[in-house]
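**Q**
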Amino acid sequence: MRRFDYQQVPPKVEYALTEQGQTLFPMVQAIHVWGENHARRCLQIHQSSLLKEEM
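If you're matching positions, the sequence shown starts at 12 in our numbering and goes up one per residue.
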C-alpha cells in the first residue's frame with residue numbers, strides 16, 4: 012500500500028496498491044466469489060426455514 016499526502020486544506024490523502032499488493036488480487040477475488048456463493052446458500056437455507064414455519 013502506498014500513501015500519497017497532499018499538502019492542502021482540507022487535508023487530502025490517497026492510497027494505492029503497490030505492484031506487490033496487486034499480486035494479491037486473484038486471491039481476494041476468489042475469496043469474494045466464495046463469499047457471494049456462501050451468502051446465497053445461507054439465504055436459501057434461511058428462506059427455506061421461514062417457509063417451514065409458515066406451514
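Just so you know, even glycine gets a beta-carbon here, dropped at the ideal spot from N, CA and C.
Could you tell me the distance, in whole angstroms, from the CA atom of T29 to the CA atom of L35?
**A** Position 18 of the sequence shown, counted from the start, is the residue given in the question as residue 29. Position 24 of the sequence shown, counted from the start, is the residue given in the question as residue 35. Rounded to the nearest angstrom, the two C-alpha atoms are 10 Å apart.
**Q** Nearest by alpha-carbon distance to Y26: which of E64, M12, L62 and G32 is it?
**A** For the purposes of this step, residue 26 is taken as the residue at position 15 of the sequence shown. The shortest Cα separation from Y26 among E64, M12, L62 and G32 belongs to M12.
**Q** For a test of the three-state rule: what should DSSP assign to V24, helix, strand or coil?
**A** Start at 1 with the first residue of the sequence shown, and residue 24 comes out as number 13. It is a strand residue.
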